[in-house]
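Worksheet for the structure shown next.
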Amino acid sequence: MEISMNRILVVDDEPFITQMLGRMLKQHDVTTATSGVAALELLENDAEFGVVLCDLMMPEITGMDLYDRVKVDNPGLAARFVFMTGGAFYPEVREFVARKERPCLGKPFDRNLLLETIDEVLPSAE
């Protein structure tokens, strides 16, 4: 599987957020999913993303559940997750983020921090 470092998957149940991130990341090839279910279906057929920006709190399949499922099937992709949150830090969410040691960005986004985080997570070109 060849990873396209310019491809970013944005998973968020709020269409406004996916649209905003699409504009903020216009220099990348952005694909969006508006639910964890849609993201899982997409990733079954196409997991060649350099980064997955994933909201933590979504109905049906949370970002935490999505990450755990991806980690089983594709640990390399799980290592390229960046979580996003609107500040709803329930104790289980806080514990999850601390255990997984993945970056977590707060909404609203600082564009420069977002781009720096993506650069840190992207696999280096070899």
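Quick note on numbering: the sequence shown equals residues 331 to 456 in this note's numbering. Glycine residues also receive a C-beta, built at the ideal position from the N, C-alpha and C atoms.
| Check | Outcome |
| --- | --- |
| Phe426 Cβ short of 6 Å to the ligand NAD heavy atom set | Judged by which ligands are present, the structure shown has none, so any question about the ligand NAD falls away. |
| Close beta carbons around Met387, own chain, < 8 Å, minus the five adjacent residues each side | Gly393, Thr415, Gly416, Ala418, Val423 |
| Reduced DSSP category for Glu456 - H, G, I as helix; E, B as strand; rest coil | Residue confidence is low: Glu456 scores 39 on pLDDT, short of 50, so the model does not pin down where it sits. No coordinate-derived value is stated. |
| Endpoints, the alpha helix (DSSP H) within which Thr364 is located | Here Thr364 belongs to no alpha helix (DSSP H), and DSSP marks it neither H nor E. |
| Nearest to Ile391 (by Cα), restricted to the options Val367, Asp343, Leu443, Ala377 | Val367 |
| Span separating the alpha-carbon of Asp403 from that of Leu435 | 25 Å |
| Residue nearest to Asp395 in terms of C-alpha spacing, selected from Asn336, Gly406, Lys430 | Lys430 |
| Secondary structure of Phe426, DSSP reduced to three states | helix |
| Which listed residue (Asn442, Thr362, Gln357) has its alpha carbon closest to that of Gln349 | Thr362 |
| Nearest neighbour of Leu407, chosen from Lys356, Val451, Leu445 [CA to CA] | Val451 |
| Leu355 classed as buried or exposed, judged by whether at least 16 other C-beta atoms fall within 10 angstroms | buried |
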